[in-house]
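These protein sequences, in sequence, are chains X and C. When we follow my numbering, the leftmost residue of the first sequence carries the number 1, and every step to the right adds one. When we follow my numbering, the leftmost residue of the second sequence carries the number 312, and every step to the right adds one. Below is one structure, written out as C-alpha cells; the observations come after it.
Number of protein chains: 2
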Amino acid sequence: MRIVSLAGGIGGARFLRGLKSAAPDAKITVIGNTGDDITLFGLRVSPDLDTVMYTLGGGIDEEQGWGRAKESHVVKEELAAYGMQPQWFGLGDRDFATHIVRTQMLGAGFPLSQVTEALCTRWQPGVRLIPMSDDRTETHVVVSDSQGRRAIHFQEWWVRLRASLPAEEIVLVGADDARPAPGVVEAIQEADVVILPPSNPVVSIGTILQVKGIREALTAKTVVGVSPIIGGAPVRGMADACLTAIGVETSAQAVLEHYGADLIDGWLVAEEDAGVALDGVRVVARPLLMSDPEATAAIARAALDLAGELT
Amino acid sequence: MRIVSLAGGIGGARFLRGLKSAAPDAKITVIGNTGDDITLFGLRVSPDLDTVMYTLGGGIDEEQGWGRAKESHVVKEELAAYGMQPQWFGLGDRDFATHIVRTQMLGAGFPLSQVTEALCTRWQPGVRLIPMSDDRTETHVVVSDSQGRRAIHFQEWWVRLRASLPAEEIVLVGADDARPAPGVVEAIQEADVVILPPSNPVVSIGTILQVKGIREALTAKTVVGVSPIIGGAPVRGMADACLTAIGVETSAQAVLEHYGADLIDGWLVAEEDAGVALDGVRVVARPLLMSDPEATAAIARAALDLAGELT
Numbered sequence: 001m002r003i004v005s006l007a008g009g010i011g012g013a014r015f016l017r018g019l020k021s022a023a024p025d026a027k028i029t030v031i032g033n034t035g036d037d038i039t040l041f042g043l044r045v046s047p048d049l050d051t052v053m054y055t056l057g058g059g060i061d062e063e064q065g066w067g068r069a070k071e072s073h074v075v076k077e078e079l080a081a082y083g084m085q086p087q088w089f090g091l092g093d094r095d096f097a098t099h100i101v102r103t104q105m106l107g108a109g110f111p112l113s114q115v116t117e118a119l120c121t122r123w124q125p126g127v128r129l130i131p132m133s134d135d136r137t138e139t140h141v142v143v144s145d146s147q148g149r150r151a152i153h154f155q156e157w158w159v160r161l162r163a164s165l166p167a168e169e170i171v172l173v174g175a176d177d178a179r180p181a182p183g184v185v186e187a188i189q190e191a192d193v194v195i196l197p198p199s200n201p202v203v204s205i206g207t208i209l210q211v212k213g214i215r216e217a218l219t220a221k222t223v224v225g226v227s228p229i230i231g232g233a234p235v236r237g238m239a240d241a242c243l244t245a246i247g248v249e250t251s252a253q254a255v256l257e258h259y260g261a262d263l264i265d266g267w268l269v270a271e272e273d274a275g276v277a278l279d280g281v282r283v284v285a286r287p288l289l290m291s292d293p294e295a296t297a298a299i300a301r302a303a304l305d306l307a308g309e310l311t
Numbered sequence: 312m313r314i315v316s317l318a319g320g321i322g323g324a325r326f327l328r329g330l331k332s333a334a335p336d337a338k339i340t341v342i343g344n345t346g347d348d349i350t351l352f353g354l355r356v357s358p359d360l361d362t363v364m365y366t367l368g369g370g371i372d373e374e375q376g377w378g379r380a381k382e383s384h385v386v387k388e389e390l391a392a393y394g395m396q397p398q399w400f401g402l403g404d405r406d407f408a409t410h411i412v413r414t415q416m417l418g419a420g421f422p423l424s425q426v427t428e429a430l431c432t433r434w435q436p437g438v439r440l441i442p443m444s445d446d447r448t449e450t451h452v453v454v455s456d457s458q459g460r461r462a463i464h465f466q467e468w469w470v471r472l473r474a475s476l477p478a479e480e481i482v483l484v485g486a487d488d489a490r491p492a493p494g495v496v497e498a499i500q501e502a503d504v505v506i507l508p509p510s511n512p513v514v515s516i517g518t519i520l521q522v523k524g525i526r527e528a529l530t531a532k533t534v535v536g537v538s539p540i541i542g543g544a545p546v547r548g549m550a551d552a553c554l555t556a557i558g559v560e561t562s563a564q565a566v567l568e569h570y571g572a573d574l575i576d577g578w579l580v581a582e583e584d585a586g587v588a589l590d591g592v593r594v595v596a597r598p599l600l601m602s603d604p605e606a607t608a609a610i611a612r613a614a615l616d617l618a619g620e621l622t
C-alpha cells in the first residue's frame, strides 16, 4: 500500500509514528511543511521537517516534542554572549549541526529536497520525507501593537509571542511562485490513500495546500483527514489562534468545511464530535487523543480503515 | 607608547600576553595572520585571529594553546554522524559560535576587520586586533605522494598531516590582490616600535609580510624581532618544516638573514645563539623560552629595551 501524508511538526510527527506502526508494510511518503522555515544566525532551519525526521528517526526530545534528545545549549549561550539575536528560538548543539549541514548543502546549490534526503540517510525515518517545495516560502503573520501594524515571521509570533497578539492575517510569502518539490505530485498520484494528520489546518496543512498543484492532485485521490479539533479545542498547540485569524471557528465541523468536500472524502472526529457532517464526506467518530504510541497507532488504523471503506 | 606587533597563532598570542604585561600602558595594535583561514562546513574560521583574541581575552584553552577553555564537542560529533568532512579539524561548540557570528557578519557584507572588531567587543583583548587584510588569502602547500603532486590547504598539511609530507612549495593564494586591512599601514606609521614575536617566520610573519604595503611600511620603522629558533629548533610548532620548504636553514642566523637587515633593526636571540650577527642589526642574547607568563613578559621587556636602545 502506498500512503501519502502531509505533515506539520509535533502533532504530525507523532501521528506519523502511529501510522508507521499501523501500516508497517506500507510505503509512506510524507510531504512536509516548510512555511515555518527560518534563517537564524545565517543558518537555514526547517523546524517541521526536522521534527518529523527526528521523531521517526529516534532522535527527538520526547517530552518536549521538538529538538534533539540529550541536547545541550553551548552554542546558543555563546551566541548570546556575543549579543546575537534572536535569543528566543531554542536551538541546541545537536540541532545546530543539522542546520549547519543543511545550510552548507543549500549554499553548494542542492535543493532542499535533496538536502532533506541526505539528512534522512542518517536518520532513516522509515518514510520518504519530501519538503512541500524547494522554493522558499515563509509564513508571515500580521499583528498590531504599540509599534503599529506589521508582518512578523511565523516563528516570532508562535515562539516569541506565544500567539499572544491576535493574528490579523496569515500570509505565505512566496506562495505564488512556489512549485511542489520533485516527487510530491507523483507520490500523490501513485498513492492508494492520502492521510491528513491532526496537524494545524492553517499553518501546517493549509500551507502545504497553498503550493500550486498539491491541492489539485489531492482532490483526485481518497483523502482521509483526522480532525485537529476535539470538542472545540485543538488537539495540541495553538491552532485556535490560527483558525480565528482566517475566520474559521475552532470546531471539527468548521475545519472540515474549511478543507471542503472536494478535498476530503473521510473525516475522523472525536467521539464528542460525532454529530459532524458534510455532504460527500464520510464522518467516523473514534477516540482521537494521541495520549501514547498505542492510542496514536489506533487512530492511524481507524483512518486507514475509513480509507479502506471509501475505496 | 605605541607598539605594533605582527602575530600568528599560539606562540604569537602567548608572546602578546607577555608584551601587554611588560608594557601595560602601551597602545598595542596586533596585525593578525589570516593565511591560515579556512572555510569548514560553510563557516569561515580564522584560527590565528581567534587564538590571539581568546588568549588575550581570557577564553583560551591554556593547555592546548588554541580553542576555548571548558570546551565541548557536540556539534563536531553530530557533523561526523552526518558523514561530514573534514573530521580532522578540532572545532568545539564554543568555538563554533564564533565562526557562526563571523560567517553571518561576512555574509551580511561586513569586512573581516569589522567582524574581528565586533568579536573583540566581547573579548576585550586589551589590544587592537586587525587582520592583515580584508581580502581573502589562503596559504596552500604543494606536496607529493602516491596521489601525485598537488596543492592542499595549509591546515590540511599542518593539522591533518602534521607536516609529515615535505612541503615543496608554500604559496599564499590571493597575495597579489590582497591589500592591507584599513588601519594596518596607519598603525605601523604611527608606531614607536614594531615587535615581531617568535611566530612562524614563513606561514605567520612571512604571510603578513607578503601583503603589499606592509613590509614597505615596516622598513621605515624600528623593528625588533624575537627569534623563533633556539639552538637550531623551533620555539614551538613545526617552523622547521616551513623553513626547509623555502630553503632557509632552521637557525636564528638564517631566519634573521631571511627577514633581512632592511626589515630588522634589533634581533633577540637565545643565549646559545649569541654568535648570530648581521650588518646593520643589533643582536642581543637573552633567555627566550616562553616557559610561563613571567618568563614571557621578560622576553617582551628585553625586546622593548632593545627597541629603546635603537631609537
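Backbone N, C-alpha and C define an ideal beta-carbon position, used for all residues, glycine too.
Roughly how many whole angstroms lie between the Cα atoms of I10/X and L310/X?
The alpha-carbon of I10/X is positioned some 28 Å away from that of L310/X.
Taking 9 Å as the cut-off, decide whether the C-beta atoms of G437/C and I339/C are in contact.
It is a contact, given that the beta carbons lie within the stated cut-off.
Any residues in the region 437–451 of chain C with a beta carbon nearer than 9 Å to a beta carbon of chain A? Which ones, in chain order?
As a matter of chain content, chain A is missing from the structure shown, whose protein chains are X and C.
Check each residue of the region 83–100 of chain X: if its Cβ is closer than 9 Å to any Cβ of chain C, include it; give the result in chain order.
Flagged, chain order: G83, M84, G92, D93, R94, D95, F96, A97, T98 and I100.
Using beta carbons (cut-off 9 Å, strictly below), is S383/C in contact with chain X?
So, interface residue.
Would a C-beta distance cut-off of 9 Å place E388/C and T98/X closer than the cut-off?
Contact flag unset, no.
Hey, out of D359/C, A337/C, L354/C and V386/C, whose CA is closest to N344/C's CA?
Comparing Cα-Cα distances from N344/C to each of D359/C, A337/C, L354/C and V386/C, the minimum goes to D359/C.
Let me make sure I understand the geometry here. Which of Q458/C, A486/C and D488/C has the alpha-carbon closest to that of L476/C?
Minimum Cα distance to L476/C is reached at Q458/C.
Do you know how far the Cα of Q253/X is from the Cα of A316/X?
This structure does not reach residue 316/X, given that chain X is present from 1 up to 311, and the question cannot be answered.
To the nearest angstrom, how far is the alpha carbon of R355/C from that of R405/C?
Rounded to whole angstroms, R355/C to R405/C spans 15 Å at the Cα level.
Using the beta-carbon of each residue, which ones in chain C are nearer than 7 Å to A81/X?
Taking a Cβ-Cβ threshold of 7 Å, the residues of chain C close to A81/X are R433, in chain order.
Between G401/C and V143/X, what straight-line distance do the alpha-carbon atoms span, to the nearest angstrom?
CA-to-CA, the gap between G401/C and V143/X works out to about 45 Å.
Taking a cut of 8 Å between CB atoms, which residues from the region 12–35 of chain X lie near chain C?
Those would be none; no residue qualifies.
Within 9 Å of any Cβ in chain C, is that where the Cβ of V45/X sits?
Not one chain C Cβ lies under 9 Å of V45/X.
What is the DSSP secondary structure of D61/X, reduced to helix, strand or coil?
If DSSP states are grouped into helix, strand and coil, D61/X belongs with coil.
To test your reading of the DSSP string, which unbroken beta strand (DSSP E) runs of 3 or more residues are found completely within the region 24–79 of chain X?
Restricted to the region 24–79 of chain X, the beta strand (DSSP E) segments that are unbroken, complete and at least 3 residues in length are 27–32, 38–40 and 43–45, listed in chain order.
Where G107/X meets chain C, residues with beta-carbon distance less than 8 Å
Neighbours of G107/X on chain C, chain order: G353.
Closer than 7 Å, Cβ to any Cβ of chain C: which residues of the region 152–173 of chain X, in chain order?
None of the residues of the region 152–173 of chain X has a beta carbon lying less than 7 Å from any beta carbon of chain C.
Whose Cβ in chain C lies nearer than 9 Å to the Cβ of Q104/X?
Within chain C, the residues F352, G353, L354 and M395 have their CB atoms less than 9 Å from the CB of Q104/X, given in chain order.
What do you get for L289/X, buried or exposed, if any count of 16 or more other CB atoms within 10 angstroms of its CB means buried?
By the neighbour-count criterion, in which 16 or more other beta carbons inside 10 Å mark a residue as buried, L289/X falls on the exposed side.
Enumerate in chain order the residues of its own chain whose CB-to-CB distance from G376/C is below 7 Å, with the five nearest sequence positions on each side excluded.
Non-local C-beta neighbours of G376/C in its own chain, meaning closer than 7 Å and more than five positions away in sequence, comprise I321, ordered along the chain.
In the DSSP output, which residue or residues are listed as bridge partners for G543/C?
Paired residues: none, contrary to the question.
What is the DSSP secondary structure of S316/C, reduced to helix, strand or coil?
Annotated three-state conformation of S316/C is strand, per DSSP.
Taking only the alpha-carbon atoms, compute the straight-line gap between S444/C and I411/C and give it to the nearest angstrom.
Cα to Cα, S444/C sits roughly 20 Å from I411/C.
So, with DSSP's three-state summary, where would you put A581/C?
A581/C: coil per DSSP, three-state reduction.
Buried versus exposed, by CB contacts within 10 Å (16 or more), R150/X:
That one is exposed.
Would DSSP call I557/C helix, strand or coil?
Taken through DSSP and simplified to helix, strand or coil, I557/C comes out as coil.
Buried or exposed (CB count within 10 angstroms, at least 16 for buried), P604/C
P604/C should be labelled exposed.
Considering only C-alpha positions, which residue in the set E271/X, V75/X and V115/X is nearest to F41/X?
Among E271/X, V75/X and V115/X, the Cα nearest to that of F41/X is on V75/X.
Among residues of its own chain, excluding the 5 on either side of G494/C, which ones have a beta-carbon nearer than 6 Å to its beta-carbon?
Shown here for G494/C: same chain residues with a beta carbon closer than 6 Å to its own, the five before and five after excluded, namely I441 in chain order.
Taking contact to mean 3 or more Cβ pairs, one atom from each stretch, closer than 8 Å, check whether the region 280–287 of chain X and the region 510–524 of chain C are in contact.
As far as the Cβ criterion goes, the region 280–287 of chain X does not touch the region 510–524 of chain C, which means the pair count is below three.
Same chain, Cβ closer than 7 Å to S251/X, five either side skipped, listed in chain order:
I229 and G232, listed in sequence order.
Return the bridge partner residues of E309/X from the DSSP annotation.
Its beta-bridge partners do not exist; DSSP assigns none.
CA-to-CA distance, P508/C to D348/C, given in whole angstroms
If you take the alpha carbons of D348/C and P508/C, they lie about 20 Å apart.
Going by DSSP, what residues sit across from E138/X in a beta bridge?
According to DSSP, which records beta bridges pairwise, E138/X is partnered with V173/X.
Nonlocal neighbours in the same chain, by C-beta distance under 7 Å from V594/C, ignoring five residues either side
Correct list, in chain order: W578, V580, V587 and A588.
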